Amino acid sequence: MNFINNKDKVGSSIILLVALIYLNAAFDIPIIQVMGDEVFTARTLPIGLSILTIVTCLIQIFLPASGAADETISNAIAGFHWKPCLLLTGLMLLYSLSFKIVGFSIGTFLFLFIGFAILKEKRYLLSAAISSGVAVFMWVVLTQMFDIFLDSGSLYRLLAGA
Amino acid sequence: MRLSESKGHHRRQSNLIATLLFLGIFFSAGQTAYAVERLHFLIPGGAGGGWDTTARGVGDALTRSGIVSRASYQNMSGGDGSKAIAHLIESAERQTDTLMISSTPIVLKSLKNIFPQSYKDLTPVAAVIADYGAFVVKTDSKYTSWQQMIDDFRLDPRNVLVAGGSVLGGMDHVVAAMAFKQSGVDPKSIRYIPYNAGAKAMVGLLSNETQLLSTGLSEALALAEQGEVRVLAMTAATRMDHAPEVPTLSEQGVDLVFTNWRGFFGAPGLSENKVREFQELLLRMYDTKEWEDIRLKRGWTNLYISGDDFIEFLKDQETEMGYLLDELGIRR
Amino acid sequence: MLDGILQGLSTAFLPVNLMLLFVGCFAGTFIGMLPGLGPVSAIALMIPITYGFDPSSGLILMAGVYYGAVFGGSTSAILINAPGVSGAVATAFDGYPMAQRGEAGKALALAAYSSFAGGTIGAVFLLLFVPILAKLSLSFQSADYFALMVFGLSAITAFSGKGQVIKAVLMALLGLMLATVGEDPSGIQRFTFGITDLYDGISFLLLSMATFAIAEALMVVLRPSPPSKVASAGKPTFQTLGSMKLSKEEIKDVAPVVARSSVLGFFVGVLPGAGATIASFLAYGMERNLASAKQKLGFGKGSLRGLAAPETANNAASTGSFVPLLTLGIPGSATTAIMLGALLSYGVQPGPRLYIDHPAVFWSVIISMYLGNIILLILNLPLIPYISKLLAVPRQFLTPIILFLSLIGVYLVSFNTVDLFMMVVIGAIAVVFRVLNFPLAPLLLGFILGGMMEENLRRALLISDGSLEFLWQRPITATIIIITVATVLIPIVSSLRKTKGSRALDT
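Residue numbers (the working numbering), protein chains in the order written: chain G, 134 to 295; chain F, 12 to 343; chain R, -6 to 500.
#1: In terms of residues, what are the limits of the beta strand (DSSP E) holding Ile140 (chain F)?
#2: Pull up the CB-CB distance for Ala140 (chain R) and Ile473 (chain R), whole angstroms please, since I reckon it's below 8 Å.
#3: Helix, strand or coil for Leu437 (chain R), going by three-state DSSP, please let me know.
#4: Report yes or no: do three or more beta-carbon pairs, one from the region 189 to 206 of chain R and one from the region 190 to 205 of chain F, lie closer than 8 Å?
#5: From Ala100 (chain R) to Thr205 (chain G), what distance separates their C-alpha atoms?
#6: In its own chain, which residues sit with a C-beta less than 6 Å from the C-beta of Ser264 (chain G), not counting the 5 before and 5 after it?
#7: Report the neighbours of Lys211 (chain F) on chain R: residues whose CB is nearer than 9 Å to its CB, in chain order.
#8: Along the chain, which unbroken stretches of the alpha helix (DSSP H) at least 4 residues long are found entirely within the region 152 to 226 of chain R?
#9: Could I get the ranges of all uninterrupted beta strand (DSSP E) runs contained in the region 216 to 280 of chain F, with 3 residues as the minimum, in chain order?
#10: Note down the Cα distance separating Val417 (chain R) from Phe186 (chain R), rounded to an integer number of angstroms.
#11: Might you give, ordered along the chain, the residues of its own chain that have their beta carbon closer than 7 Å to the beta carbon of Leu252 (chain G), omitting 5 neighbours on each side?
#12: Mapping DSSP to helix, strand and coil, what is Asn366 (chain R)?
#13: Report yes if the CB atom of Tyr143 (chain F) is closer than 7 Å to the CB atom of Ala247 (chain F), and no otherwise.
#14: Can you tell which of F:Leu50, F:Val139, F:Ile96, F:Glu104 has the C-alpha that lies nearest to the C-alpha of Ser80 (chain F)?
#15: If I follow the unbroken beta strand (DSSP E) through Pro205 (chain F), where does it start and stop?
#16: Quick one: give me the first and last residue of the alpha helix (DSSP H) that Arg81 (chain F) is part of.
#17: Is the region 35 to 42 of chain R close to the region 70 to 84 of chain R, with three or more CB pairs under 8 Å?
#18: For the candidate residues F:Gly57, F:Trp272, F:Asp91, whose alpha-carbon lies nearest to that of Lys120 (chain F)?
#19: Distance check for Lys149 (chain F) and Ala231 (chain F), CA to CA, integer angstroms please.
#20: Could you name the residues of chain G that Met170 (chain R) contacts, counting a contact when the two beta carbons are closer than 8 Å?
#21: Regarding Arg451 (chain R) and the ligand GDP, is the C-beta to nearest heavy atom distance less than 6 Å?
#22: Could you work out which residue in F:Thr226, F:Gln85, F:Arg169 is closest to Arg241 (chain F) when comparing CA atoms only?
#23: Taking DSSP as the reference, what is the three-state secondary structure of His511 (chain R)?
#24: Helix or strand or just coil, what does DSSP make of Gly172 (chain F)?
#25: In angstroms with no decimal places, state the Cα-to-Cα distance between Leu226 (chain G) and Phe414 (chain R).
#26: Between the C-alpha atoms of Cys18 (chain R) and Pro179 (chain G), what's the straight-line distance to the nearest angstrom?
#27: In the region 171 to 226 of chain G, which residue ranges form an unbroken beta strand (DSSP E) of at least 3 residues, counting only runs that do not cross its ends?
#28: If the cut is a Cβ gap below 9 Å, which residues of chain G does Ser83 (chain F) touch?
#29: I'd like to know if the region 248 to 255 of chain R and the region 48 to 67 of chain R are in contact, where contact means that at least 3 CB-CB pairs between them fall below 8 Å.
#30: Where does Arg49 (chain F) sit, in a helix, a strand or coil, going by DSSP?
#31: Can you tell me whether Ser260 (chain G) is helix, strand or coil according to DSSP?
#32: Could you pull out every residue in the same chain whose Cβ sits closer than 7 Å to the Cβ of Arg67 (chain F), ignoring the five residues on either side in sequence?
#33: For the candidate residues F:Glu303, F:Gly274, F:Ala145, F:Ala278, whose alpha-carbon lies nearest to that of Thr65 (chain F)?
#34: Alpha carbon to alpha carbon, how far is Leu466 (chain R) from Ala127 (chain R)?
#35: Is the CB-CB distance between Trp302 (chain F) and Ala72 (chain F) below 7 Å?
#36: Run down chain R in chain order and give the residues with a C-beta less than 9 Å from the C-beta of Thr189 (chain G).
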């Protein structure tokens, strides 16, 4: 079993990388000496944590690989449906980025409708009904019942001329 | 030190005069039912916080008394309030009905140069209520006066650990540092113990972890009435009507007056007419029984400063606090 | 005092107040089920509605809403792995696997019984020991809180299966690192890289929704469908409600867990510096440590004990958190802070004089807590079959809806769209860790305990002038430290004994 295909080793390597970046940034934390000689500064814990993490990662990486063949990554991801997963992730990013522009109601409708389509729902009329139903229901509950302010979005304001 | 001098002791009369004047204008202006149809409050913190309760309290008083027909509230936390400031600047042209609640810590944060935008980019409308700094000890504490505590502190700074509900360089710390400094003590020698909320700092005091607590007067009085704590001194210019037993710092020989205001800002470039309209409706609010009711329950003190006075006041406060942060070595 | 209790009883049992309690429980459950809307938002929403109510009635409504929201939060945690309230995060650890196994009904019923038991036992403690409890909540200092957080971290090993200890420790360390993002106690920005959205740090709710709800929904899409190709995608077992009944053996198995967790939860809740979330994690860890080797394997995979412990502790702690609020006037959590706001809006200032000045208010709140738990049980048990119908929604519709609810839930807390972006990114990273079989629960544990651990350690050091003496100077600190060392060492020693001679494979 090679390194690249071992779950534990790859995972630890990712965390090792994070810890190294973190350690580097930890040295940039300014120290303010307000009360003179402080033992424990803003840097102390971050530096301690990253060293501890780095050591633990190295132990995991250099320890003899344990576990059976099912620990390999190629086994774990066999048959994964990457496409819909990535599309959904992209859709969520788009939703979060466009929220201020399209607003709650239109954004939610589009998010749900496209989301259903990504998961191979072909009954578009039903999809549209469910998406608009959920969007309207949540809008009514949040803004009308609970009086929570939701951004209607600049697109809506443009269309409504408000 | 004339710090953040509020025109507090004159506020009753000036309110009255202003209100009378305003009523005159209002009625001659043609009897509209509402001065403002719609008011939107932008709150830089989450539900239930100090900003939130103040904004909703003001909004409630305004709508219930019929001064404003409809008020909406938008909570926007993030970046210690800077998110809301940025939002207000970004969308200024459609925020003409928006009031953002703000208070002294916003000035303090701007001083630490961590915000890309500052409150100075906004249009100041008015301060509405005030709170003062209070220094609190447990009921069974050996200190009965501010001076006694300072004397003990001079013997050894470790005798008096000061708790506060803010980080180092936050408001509770800065107010304590100013009071110690005006008592002739090096503010850097204070042993300040930071807690992440005023309530947690109060627990620190009550559990004998610290000897002195720096907090807001309204919070302190609430617990003092319950007999848990005593207020050694507070930072208003004169004694409070509702708590005449609490001495001020100045009458104990410490030259410090400090006001933690809460008030409103509008979007940048707000028209003068609009600003005046906001100021007038806030002034009208003071005389409603709805506001009196909310104010008394919350233990708030009226403080109205507007226009150039408000800008001047903010400048003074900024200079004084900035000077102290420099002295503490905190400002970057 | 008896007078006060009687007065409180008669107030709480007024038909109007009983009805308000019922309405409150119902509204609270509904609000709590929406991810992101927890007790804080629920109570904040109620304050303007109850304006002008008699203080007792208003507070009874609030108490109902509060308990309802706490309970509703665990429903979404069990059904869709979306713990909308931080106190329900640990409920998802075993509740969701149970639902996946086709035992959603049993999981929800057990959650309802556990909440009821935790809440009721808490209310009884409150009723009996109020005067002593005020002292208890002031008995902990920063050094003791520090020790308590370290004790909580020692539960990391409890979250990990065989051969997983190093991975669990790594994830906990990652959580501790994430907790340092934002402003530190000395007012310094750490790891914010100039991004204002990071100044307040990462919210626990965001992190748990991203790593649990979003990551799980994506994993469901990612995983190959089971071989049995049912027309409407998804696992057939997942859609079944299953029996709601607990067998006699199961009840016998869970009863001691509930008893222990309610005591632990209540006392942790009484401490103003800890709170319900910590209580639920501590109870989970404690039960895992106490369980036999065979029972341990079930944890994290749908163990009844693993579900009952945090759920009981969460509710007992929620009740306990009323002690510092009612007796000292000090809110120990965000929820009790907003309850304080509600009390003040009725002109009631809580504190040591509350039950002298307003005995009816004081006792009717405590009694309505007890009644609220009964009403919740009556209300929710019949609703379970309908609520779990949600699982029968076809996967292609359910998954996007879960993603939407999780996103909007986090948005409703901060109203910051950058939080949504952050959440999706963290969710995607969490998927990678799940594929690599790295456990995510220790990450959350490290995150929630890490921040408080550092804060209290730094305070303790400031107070002791930089000396580590505080570790053994206070009896409470020393006791907790000794217990912690024992919990960590005993399993290691006993496993060493057992495997003596044979090779030590795992750590």
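Backbone N, C-alpha and C fix where the C-beta goes; we use that ideal spot for every residue, glycine too. Model, not experiment: these values are computed from the prediction.
On the basis of the supplied data:
#1: Start and end: 134 to 149.
#2: Rounded, the Cβ-Cβ distance is 4 Å, consistent with contact.
#3: Judged by DSSP in its simplified three-state form, Leu437 (chain R) adopts helix.
#4: Using a Cβ-Cβ distance cut-off of 8 Å, the region 189 to 206 of chain R and the region 190 to 205 of chain F are not in contact, since fewer than three pairs of beta carbons, one from each stretch, lie closer than that value.
#5: Using only the alpha carbons, I get a separation of about 33 Å.
#6: Excluding sequence neighbours, Ser264 (chain G) sits near Phe242, Leu245, Phe246.
#7: Residues of chain R passing the Cβ test: Pro265, Gly266, Ile323, Gly325.
#8: Here the runs fully enclosed are 158 to 172, 197 to 201, 208 to 215.
#9: Counting whole runs of 3 or more residues, the region 216 to 280 of chain F contains the beta strand (DSSP E) stretches 223 to 227, 240 to 245, 270 to 277.
#10: Rounded to the nearest angstrom, the two C-alpha atoms are 20 Å apart.
#11: Closer than 7 Å at Cβ, skipping near neighbours: Pro217.
#12: Residue state, collapsed to three classes: helix.
#13: Taking 7 Å as the Cβ cut-off, Tyr143 (chain F) and Ala247 (chain F) qualify as a contacting pair.
#14: Distances from the alpha-carbon of Ser80 (chain F) to those of F:Leu50, F:Val139, F:Ile96, F:Glu104 put F:Leu50 closest.
#15: Annotation: the continuous beta strand (DSSP E) that includes Pro205 (chain F) extends over 202 to 205.
#16: Residue range 79 to 86 is occupied by the beta strand (DSSP E) that includes Arg81 (chain F), with no alpha helix (DSSP H) assigned at that position.
#17: In this structure the region 35 to 42 of chain R does not touch the region 70 to 84 of chain R; the number of beta carbon pairs closer than 8 Å is below three.
#18: The option with the nearest alpha carbon to Lys120 (chain F) is F:Asp91.
#19: Distance between the alpha carbons of Ala231 (chain F) and Lys149 (chain F): 11 Å.
#20: The answer, in chain order, is Val151, Ala152, Tyr155, Pro179, Leu182, Ser183, Thr186.
#21: The ligand content of the structure shown is nil, which means the ligand GDP is not present either.
#22: Nearest Cα to Arg241 (chain F) within the set F:Thr226, F:Gln85, F:Arg169: F:Thr226.
#23: Examination of residue 511 (chain R) is not possible in this model, given that chain R is present from -6 through 500 alone.
#24: Strictly speaking, residue 172 (chain F) in this sequence is Leu, with Gly absent from that position. Assigned with DSSP and collapsed to three states, Leu172 (chain F) falls in strand.
#25: One C-alpha to the other measures close to 6 Å.
#26: The straight-line gap from Cα to Cα measures roughly 44 Å.
#27: Runs found: none.
#28: What Ser83 (chain F) touches in chain G, judged by beta-carbon distance under 9 Å, is Asp280, Phe282, going in chain order.
#29: Taking 8 Å as the limit for Cβ pairs, the verdict is that the region 48 to 67 of chain R does not touch the region 248 to 255 of chain R.
#30: Arg49 (chain F): strand per DSSP, three-state reduction.
#31: Collapsing the DSSP output to three states places Ser260 (chain G) in a helix.
#32: These residues qualify, in order along the chain: Tyr84.
#33: For the residues F:Glu303, F:Gly274, F:Ala145, F:Ala278, the minimum Cα distance to Thr65 (chain F) belongs to F:Gly274.
#34: Looking at the sequence provided, one finds Gln at residue 466 (chain R) rather than Leu. CA-CA distance, Gln466 (chain R) to Ala127 (chain R), rounds to 23 Å.
#35: A contact, by the Cβ cut-off of 7 Å.
#36: Ile159, Val162, Leu163, Leu166, listed in chain order.
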